[in-house]
Amino acid sequence: GNSVTQMEGPVTLSEEAFLTINCTYTATGYPSLFWYVQYPGEGLQLLLKATKADDKGSNKGFEATYRKETTSFHLEKGSVQVSDSAVYFCALLGGYQKVTFGTGTKLQVIP
Amino acid sequence: EAGVAQSPRYKIIEKRQSVAFWCNPISGHATLYWYQQILGQGPKLLIQFQNNGVVDDSQLPKDRFSAERLKGVDSTLKIQPAKLEDSAVYLCASSPSRADGYTFGSGTRLTVV
Chain A
57 GNSVTQMEGP
67 VTLSEEAFLT
77 INCTYTATGY
87 PSLFWYVQYP
97 GEGLQLLLKA
107 TKADDKGSNK
117 GFEATYRKET
127 TSFHLEKGSV
137 QVSDSAVYFC
147 ALLGGYQKVT
157 FGTGTKLQVI
167 P
Chain B
3 EAGVAQSPRY
13 KIIEKRQSVA
23 FWCNPISGHA
33 TLYWYQQILG
43 QGPKLLIQFQ
53 NNGVVDDSQL
63 PKDRFSAERL
73 KGVDSTLKIQ
83 PAKLEDSAVY
93 LCASSPSRAD
103 GYTFGSGTRL
113 TVV
């Protein structure tokens, strides 16, 4: 079956540091890939998506590129802010609209 | 467009009691999901509906959990009887039929004491 593997957290960075959260996947066919963010006490929000190989999703300064050759969808941001502190989930949408989530990576940004 | 509506927002019950959650998806979204998110973990799919039919309920504890989506629109998830380990946030999400990702509701935080 499909699976998503994320780097374990928590990740602690200073404000304005560069962020990478690794995500790799296993899937049959051509899945769509997503990053969701969950701020403390809130529900999940779609952050960005990519629906085919070499697509780059971007939003709010975050980027991720769908790399089929390495089955990866790493999340990056050039300069994090305290307000980016949240839990980030990588997810895969496969056949029959079935979504598989990673376990989440908690990001803490300190001033 | 209006988002995914869920109610109640919070619920506290004693073990062995029953509880029901309600979800109204985004208009026109054919697929509806119920997820359970235990503190510190990723969401776990409980059940997936396509219109009013069940696509996947393999991880739904059917001895105590049930869900329905009458008329292919809103949905209810019920737990009867509840156990302490059912304490979690129950998230509803919906999506259109294409691969656009989906929209989550704010969730219902259930505490079983």
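Chains as they are written, first to last, in the working numbering: chain A, 57 to 167; chain B, 3 to 115.
Every residue, glycine too, gets a C-beta built ideally from N, C-alpha and C.
Between B/Thr-110 and B/Leu-41, the alpha-carbon positions lie close to 13 Å from each other. Close CB contacts of B/Tyr-104 within its chain, under the 8 Å cut and outside five residues either way in sequence, are with His-31, Thr-33, Tyr-35, Ala-95, Ser-96, Ser-97 (chain order). A/Gln-62 and A/Pro-87 have their C-alpha atoms some 17 Å from each other. Chain B places a beta carbon closer than 7 Å to that of A/Tyr-152, counting this residue as a contact. DSSP lists A/Thr-80 as the bridge partner or partners of A/Thr-61. The alpha-carbon separation between B/Lys-46 and A/Gly-150 amounts to approximately 16 Å. With respect to chain B, the C-beta atom of A/Gly-134 has no partner C-beta closer than 7 Å. Distance from B/Leu-86 to B/Val-114 at the Cβ level is roughly 5 Å; contact confirmed, criterion being Cβ atoms closer than 8 Å.
The contact set of B/Leu-93 on chain A, defined by CB atoms closer than 8 Å, consists of Gly-99, Leu-100 in chain order. Looking at the backbone, the Cα of B/Gln-19 and that of B/Asp-88 are separated by about 12 Å. In this structure, the alpha-carbon of A/Asp-111 lies about 15 Å from that of A/Cys-79.
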